[in-house]
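Novice:
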């Protein structure tokens, strides 16, 4: 019986670790519409957000190319947009 309890405890611990890893990368459940993003230097790119992980975001251009970059390279308004997606809120 003791061995059985240890096995259940280990299974629970592995499930908790898997869940934490799965939640650390927040995919946007339905990729957002393509929109114009502006960086801090005023350059623009037409792209959509695929996922947010920590302080990085993966975007996809309309030609299919994907880039993972720091959220901080974007304008303040675009940073807020990206963070609202990561939080599961509808962007304003």
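Residue numbers (this note's numbering): 3 to 94. Cβ atoms here follow ideal geometry from the backbone N, Cα and C, with glycine treated the same way.
1. Any contact between the region 63 to 70 and the region 78 to 86? By contact I mean 3 or more CB pairs, one from each, below 8 Å.
2. Can you have a look at residue 49 and say buried or exposed, based on whether 16 or more other CB atoms are within 10 angstroms of its CB?
3. Helix or strand or just coil, what does DSSP make of residue 64?
4. CA-CA distance, residue 57 and residue 72?
5. According to DSSP, what are the bridge partners of residue 42?
6. Let me make sure I understand the geometry here. Which of 84, 47, 43, 45 has the alpha-carbon closest to that of residue 59?
7. Compare the Cα-Cα distances from residue 38 to each of 91, 62, 89, 90 and report the closest residue.
8. Pick out whichever of 74, 75, 76, 55 has its Cα sitting closest to the Cα of residue 89.
9. Using a Cβ-Cβ cut-off of 7 Å (strictly less than) and excluding sequence neighbours within five positions of residue 35, which residues of its own chain qualify?
Specialist: Checking against the coordinates, here is how it stands:
1. Result no; under three Cβ-Cβ pairs closer than 8 Å.
2. Indexing the chain shown from 1 puts residue 49 at position 47. The Cβ neighbour count for residue 49, taken over all protein chains shown within 10 Å, is at least 16; the residue is labelled buried.
3. Counting from one through the chain shown, the residue named residue 64 turns up at place 62. Note: residue 64 maps to coil in three-state DSSP.
4. For this step, residue 57 is matched to residue 55 along the chain shown. For this step, residue 72 is matched to residue 70 along the chain shown. C-alpha separation (whole angstroms): 6 Å.
5. Residue 42 sits at position 40 when you count from the first residue of the chain shown. Looking at the DSSP output, residue 42 bridges to nothing.
6. As a position in the chain shown, residue 59 is number 57, starting the count at 1. Measuring from the Cα of residue 59, the nearest candidate turns out to be 84.
7. Working through the chain shown from its first residue, we reach residue 38 at position 36. Comparing Cα-Cα distances from residue 38 to each of 91, 62, 89, 90, the minimum goes to 62.
8. In the chain shown, residue 89 corresponds to position 87, counting from 1. Cα-wise, what sits closest to residue 89 is 55.
9. For this step, residue 35 is matched to residue 33 along the chain shown. Cβ within range, chain order: 50.
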